[in-house]
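Report on the structure given below.
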Amino acid sequence: MTTPVLRVNDLRVHFFLDEGLVRAVDGVSFEVHPGQVVGIVGESGCGKSVTMKAILQIVEPPGRIVGGQILFQKDSGAAIDLTRLSPKGAELRAIRGAEIALIPQEPMAAFSPVHSVGEQIIEALTLHERQWRPRGPRLSRAEARSMTVDLFRSVGISMPAERIDAYSWQLSGGLRQRAMIAMALSCRPRILIADEPTTAVDVTTQAQILNLLRDLQRQHGTAIVFITHDLGVIAQMARYVVVMYLGRVMEQGAVEEIFHAPKHPYTRALLKSIPSMNVPPRTLLPTIAGSIPHPLGRPRGCPFHPRCPDAIPGVCAERVPALRPIGSTQLASCFLYNRDEASEP
Amino acid sequence: MAPMTRYVLKRLVLLPALLFLFSVAVFAIVQAPPGDFLTTYVATLASSGSSISAEQVEALRREYGLDRPIWVQYLKWMENLAKGNLGLSLEYQRPNAELIGERLVLTMVLALLSFVFTWVVAIPAGIYSAMHPRSAIDYALTLVNYVGVATPNFMLALVLMWGAFAYLDMSVTGLFSPDFVEAPWSVARVVDLLKHVWLPAVVLGVAGTARLTRVMRANLLDELNKPYVTTARAKGLSEWRLVVRYPARLALNPLVSTIGWYLPALFSGSLIVATVMNLPNIGPLLLRALINQDMYLAGSILLIYCFLTIVGTLISDILLAWLDPRIRFEEGMR
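As you go down the protein sequences, you meet chains D and S in turn. Mapping to numbering that gives the first Met the number 0: the first sequence position 159 is 158, numbers consecutive. Mapping to numbering that gives the first Met the number 0: the second sequence position 39 is 38, numbers consecutive.
See the structure below:
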């Protein structure tokens, strides 16, 4: 077993709104190993994007990390806890973009419309120059430009030399997302966070982008944290899955185990609601009973218990189940698999 | 042709057409009040006890072309303007160019300085407020801004003049010390001007500064929520650098398009302040020319206003296109 490059431990991010406290992330733990693709899946509002912003410490106020650890393993030496670093400090800024890079959700709005895309990539290269190239001559403008052209070529953008001078609104959705990937990869990060990178593009482009990410991941051995609400995408991309619901991890494990032997009732319900080729036509698609509670009206106990078909009366509504190992790689936070804990007073 | 060149050329072509339209409008407005300069002149003379014969009035009327149809008067005016001749002031009996010249320079100096004051103060203040919303300094700036917008500038002028006189024993009226009012331009006179000009520049700029700070704060708050800011932050840029480089730059664009209005607004808005502070700028001159129906003087001043407004708008259009490639391309393609 390798040392994980990233270890998130009982992370809590709360939003202090005038209307009340929103526990967007409330005790999330998972690990990312070097070169591994981890999929984070969940409905909208389950806290997956906030978790990613918390890793980079770019959660916007009134949100704040209130607990937990984010341990990042540097190339040399011990792991550092990112939550202990100042969000505006130089140490953390040296990690953002250089060691942990982000591919944001909306490529359309994620580039500045008044700077050419090339310029924005060159900025990243120049900013972290001493990290991706500790020694050697200072980066010249011409060199940065030619590196950007190479990056564009490596993500499959045709006519790269012309395209780097384009503005984001002059590019198609697919090209924009490729340019974004080029920017994220520019400083050769060890971890790539892809926040629903294919939500805003059409299905054909989606397939191309996923292939590209997979190829790049194999080439460079970058670890990818892949956020999506699309279980099909997870099955294609990830080797390890984390299932989130209302700011907590319901279940996690290797992709084969989660898909073929889901343990948590939420995961089972989620998988059942995928349309299948094997059911007779005109069958109603199973849905999860009830709806996601209002962020301010979080249920007590296990957050899923009001919608859970297997909820244990008097237990699930009272106490929060901890994440416990079940199979060889699988973990679930559910009292069904933890009768001892459930029967404790 | 590059989009930018096309964009500028299109606007330059429009310039003469606009000037023609404005000249017609200006002439119509100056001519609009009943009577003409001579009726006012005769009335003034009569009220001061002296009189003028009907023949003399008729001779003057012919001399100034006041007996000809309006369109002939207009064409004559245009002909003279084309030769660079702004005509003679009926009241002062001096060339209009001479009367306007120095006052125009002083007005522009004042406008430029209060503009610089406004932007240098308002933009950083707006950026700070937006970056620290609901902080103590933000609230303090907001309070100052509301007071600034709500205070009439002539009142501010009076208060400051009184304060300077009562506590600093300084006389701050006018733009020059008594020794330099009539003196020819020299280094010493420029220095004297700079010693006096800052107070009226600040007085004239306060309300604009307050408004601009509010607008900058609101624009930037909108921009700070845009995804490209998250991208820039995730890239590892420092907070100040990323704000100045990305959202502040975008928040500025709508403001740049208002630069063109600044000069004419200050021309007409400074009248009361200029009267209160005894500033030798162009506002009081225009007011007097209009009251006395000194039509060629008033017409010349108004036409210069129009010209400056057009040029100001042209400058802000060019600045905007230079700052925002979306405008450059969209317009250039058409």
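Beta carbons: idealized from backbone N, C-alpha and C, even for Gly.
Determine, for Arg95/D, whether the minimum Cβ-Cβ distance to residues of chain S falls below 8 Å. yes
Give the straight-line distance between the Cα atoms of Tyr6/S and Met160/S, rounded to the nearest whole angstrom. 47 Å
Name the chain S residues whose beta carbon is nearer than 8 Å to that of Arg92/D? Gly235, Leu236 and Ser237
As assigned by DSSP and simplified to three states, the class of Ser185/D: Ser185/D: coil per DSSP, three-state reduction.
Is Val24/D near Gly38/D, with beta carbons less than 8 Å apart? In this structure, Gly38/D does not lie closer than 8 Å to Val24/D by Cβ.
Spatial neighbours of Leu84/D within its chain, please: C-beta separation below 6 Å, excluding the five flanking residues on both sides. Glu90 and Leu91
Could you name the residues that DSSP lists as bridge partners for Glu250/D? Val242/D and Ala331/D
Could you give the distance in angstroms between the alpha-carbon of Pro285/D and the alpha-carbon of Leu245/D? Straight through space, the alpha carbons of Leu245/D and Pro285/D are spaced by roughly 21 Å.
Members of the region 51–70 of chain D near chain S, C-beta cut-off 7 Å: Leu55 and Ile57
Exposed or buried, which one is Phe14/D when buried takes at least 16 other CB atoms within 10 Å? buried
Say whether chain D places a C-beta atom closer than 8 Å to the C-beta of Arg333/S. Note that Arg333/S scores 48 on pLDDT, short of 50, meaning its location in the model is unreliable; the coordinates nonetheless yield the value given after this. No, because no Cβ of chain D sits closer than 8 Å to the Cβ of Arg333/S.
What separation, rounded to the nearest whole angstrom, lies between the Cα atoms of Gly88/D and Lys234/S? Note on geometry: alpha-carbon atoms of Gly88/D and Lys234/S lie some 14 Å from one another.
Taking 8 Å as the CB-CB cut-off, is Pro280/D touching chain S? no
Take Val216/D and list the residues in its own chain whose beta-carbon comes closer than 7 Å to its own, dropping the five residues that flank it on each side. Residue identity check: residue 216/D is Gln in the sequence provided, not Val. A distance below 7 Å between beta-carbons, with the five flanking residues on each side excluded, links Gln216/D to the following residues of its chain, in chain order: Val36 and Ile223.
Restricting to Cα atoms, I'd like to know which of Leu8/S, Thr4/S and Thr43/S is closest to Gln292/S. With respect to the C-alpha of Gln292/S, the residue from Leu8/S, Thr4/S and Thr43/S having the closest C-alpha is Thr43/S.
Any beta carbon from chain D within less than 8 Å of Tyr6/S's own beta carbon? no
Just to confirm before moving on: does the CB-CB distance between His32/D and Thr82/D stay below 8 Å? no
Arg134/D versus Leu211/S - alpha carbon distance: 47 Å
Flag this pair as yes or no: are the beta carbons of Ala96/S and Leu85/S separated by less than 8 Å? yes
For chain D, find out if any of its Cβ atoms is closer than 8 Å to the Cβ of Asp323/S; answer yes or no. yes
Count the CB pairs spanning the region 220–230 of chain S and the region 251–261 of chain S that are closer than 8 Å, and state whether there are at least three. The region 220–230 of chain S is not in contact with the region 251–261 of chain S.
Label Val104/S either buried or exposed according to how many other C-beta atoms from any shown protein chain fall within 10 Å of its C-beta, with 16 as the threshold for buried. exposed
contact_flag[the region 209–223 of chain S, the region 123–130 of chain S] where n(CB pairs < 8 Å) is 3 or more: yes
Residue from Leu10/D, Leu16/D and Arg22/D with nearest C-alpha to Pro302/D: Arg22/D
Reduced DSSP secondary structure (H/G/I, E/B, other) of Ser145/D: helix
First and last residue of the uninterrupted alpha helix (DSSP H) at Asp221/S: Val186 to Leu223
Expressed to the nearest angstrom, what Euclidean distance is found between the alpha-carbon atoms of Arg333/S and Asp137/S? Any reading at Arg333/S is ruled out, since the residue's pLDDT is 48, under 50, leaving its predicted position unreliable.
Report the three-state DSSP secondary structure of Leu13/D (helix, strand or coil). Inspection of the sequence shows that residue 13/D is occupied by His rather than by Leu. DSSP places His13/D in strand when its eight states are reduced to three.
Closest Cβ-Cβ distance between Glu105/D and chain S: below 8 Å? For Glu105/D, the answer is yes, since a Cβ of chain S falls inside 8 Å of its Cβ.
Straight-line Cα distance separating Val119/S from Ile102/D: 37 Å
Counting only Cβ pairs nearer than 9 Å, list the residues of chain D close to Tyr138/S. The contacting residues do not exist; Tyr138/S stays about 17 Å from chain D at best.
Give the list of continuous beta strand (DSSP E) stretches no shorter than 3 residues that lie fully inside the region 17–89 of chain S. For the region 17–89 of chain S, not a single whole beta strand (DSSP E) run of length 3 or above is found.
Listed from N- to C-terminal order along the chain, which residues in the region 108–119 of chain D have their beta-carbon within a distance smaller than 7 Å of any beta-carbon of chain S? Ala108, Ala109, Phe110, Ser111, Pro112 and Val113
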